[in-house]
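Student: Number 80 in this note's numbering belongs to position 6 of the sequence shown; there are no gaps in the numbering.
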Amino acid sequence: MGGGPSRRRSGGAVRARTAGGGGRGVTAIHRRAGRSRTLVARAALVSLVVAAGCGISPDTAPRDIDLAAAGVDQRSTNPQAAIGEGRVFFVVQEGGVPSRLVSVSRDVDAAAERGDPTSVLDALLDGPNTAERSNEITTLLPVGLDALGVSTRPGGVVVVDLTEPFGELTGQTLVVALAQIVHTISEVGGVNGVRITVEGESRAWPDAIGTQQSDPLTVFDYPGLVRSTQPAFPAIPND
């Protein structure tokens, strides 16, 4: 109405006219449309140049990709074989005697995350690697020691059946070796105790102060054996 703006729809198109504007509004629209078409064309040209430079050509049909040739770690494609990080406990000397536990990292499978300690126990029985031994990290578990079985009982008690060499350990060597196993297996979630048998035979085992324990062993039976990773407290200045 009057001299105000008016709009007319025809075939879905909308055209605007302003007073005194004449064809300027239409010309501006045409310029913007032309500029947009130019930008789109330039973007398409850049995409074609990049694709040509990379030597990428589309496949005409689906094909399998060789993950190994592509440098992909195929273990990550199987959640059952996923790799995580666990801790096992070896031994370092204190006062010239191998008597203090120290933890090191090891790759473990996904079963450890579900409460299966088999992989961490295997890593413990394998012993320190070359680099660790060069740093005077050792183990008091006998050479050739094997696990005959590992099972989890109700209440989070893990039963570990070992071969006879473990039963031949005595004294402080036995105490530290027990602590290695108990601390390592207790790193697995849901473990509340460890029962160790030898060739299927149940035995009582000494705790850190030499008391024979017939109940499942816990880390609280071996306090103070793990070397602290905390820095020493600074000296308190005198007043």
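For every residue, glycine included, the Cβ atom is placed at its ideal position computed from N, Cα and C.
Over what stretch of residues does the alpha helix (DSSP H) that includes D190 continue unbroken?
Tutor: For the purposes of this step, residue 190 is taken as residue 116 along the sequence shown, with counting starting at 1. No alpha helix (DSSP H) contains D190, which DSSP labels as neither H nor E.
Student: S288: buried (16+ other C-beta within 10 angstroms of its C-beta) or exposed?
Tutor: Indexing the sequence shown from 1 puts residue 288 at position 214. It is exposed - the Cβ of S288 has fewer than 16 other Cβ atoms within 10 Å.
Student: What whole-angstrom Cβ distance do E238 and E273 have, given they're in contact under 8 Å?
Tutor: The sequence position of residue 238 within the sequence shown is 164, counting from 1. The sequence position of residue 273 within the sequence shown is 199, counting from 1. 6 Å between Cβ atoms; contact.
Student: Taking the alpha-carbon positions, what's the L252 to A205 distance?
Tutor: Along the sequence shown, one-based indexing puts residue 252 at 178. Along the sequence shown, one-based indexing puts residue 205 at 131. Taking the straight line joining both Cα atoms gives about 24 Å.
Student: What would DSSP say about R269, mapped onto helix, strand or coil?
Tutor: Here the question's residue 269 lines up with position 195 in the sequence shown. Looking at R269 - three-state DSSP - the assignment turns out to be strand.
Student: Following the continuous beta strand (DSSP E) through D234, name the residue where it begins and the one where it ends.
Tutor: Translated into the one-based positions of the sequence shown, residue 234 becomes position 160. Before going on, a small fix: residue 234 reads as Val here, not Asp. First-last of the beta strand (DSSP E) with V234: V231 to L236.
Student: If you run the structure through DSSP and keep just helix, strand and coil, what is P239?
Tutor: Locating residue 239 in the sequence shown gives position 165, counting from the first residue. Reduced to three states, the DSSP call for P239 is helix.
Student: Please name the residue in I255, P290 and P216 whose C-alpha comes closest to that of G267.
Tutor: To locate residue 267, count along the sequence shown from 1; it is residue 193. That would be P290, whose Cα lies nearest to the Cα of G267.
Student: If we ignore side chains and look at the alpha-carbon of each, how far apart do V162 and L198 end up?
Tutor: Residue mapping note: residue 162 aligns to position 88 of the sequence shown, counting from 1. Residue mapping note: residue 198 aligns to position 124 of the sequence shown, counting from 1. Approximately 6 Å between the Cα atoms of the pair.
Student: So the alpha helix (DSSP H) G245 belongs to, where does it begin and stop?
Tutor: Taking the sequence shown and counting its residues from 1, the one referred to as residue 245 is at position 171. Start and end: G245 to S260.
Student: Roughly how many angstroms separate the alpha carbons of G284 and V250, rounded to a whole number?
Tutor: Position 210 of the sequence shown, counted from the first residue, corresponds to residue 284. Position 176 of the sequence shown, counted from the first residue, corresponds to residue 250. Rounded to whole angstroms, G284 to V250 spans 11 Å at the Cα level.
Student: From this set, I255, L236 and S193, which residue's C-alpha is nearest T213's C-alpha?
Tutor: Counting from one through the sequence shown, the residue named residue 213 turns up at place 139. The shortest Cα separation from T213 among I255, L236 and S193 belongs to I255.
Student: So the candidates are S225, V166 and G264; which of them puts its Cα closest to the Cα of T271?
Tutor: Taking the first residue of the sequence shown as 1, we reach residue 271 at position 197. Per the Cα distances, S225.
Student: From Y296 to Q246, what does the alpha carbon distance come to, in whole angstroms?
Tutor: For the purposes of this step, residue 296 is identified with residue 222 of the sequence shown, where counting begins at 1. For the purposes of this step, residue 246 is identified with residue 172 of the sequence shown, where counting begins at 1. Distance between the alpha carbons of Y296 and Q246: 12 Å.
Student: Is it buried or exposed, G263, if we count other Cβ atoms within 10 angstroms and call 16 or more buried?
Tutor: Position 189 of the sequence shown, counted from the first residue, corresponds to residue 263. Counting Cβ neighbours within 10 Å, G263 comes out exposed, since fewer than 16 surround it.
Student: Which residue marks the beginning of the alpha helix (DSSP H) containing R207, and which one marks its end?
Tutor: In the sequence shown, the residue the question calls residue 207 occupies position 133. Start and end: T204 to S208.
Student: Around the Cβ of S193, are there at least 16 other Cβ atoms within 10 angstroms (buried) or fewer (exposed)?
Tutor: Residue mapping note: residue 193 aligns to position 119 of the sequence shown, counting from 1. Looking at its Cβ environment, which holds 16 or more other Cβ atoms inside 10 Å, S193 is buried.
Student: Cα separation between S208 and E261?
Tutor: As a working mapping, residue 208 is identified with position 134 in the sequence shown. As a working mapping, residue 261 is identified with position 187 in the sequence shown. The alpha-carbon atoms of S208 and E261 are separated by roughly 25 Å.
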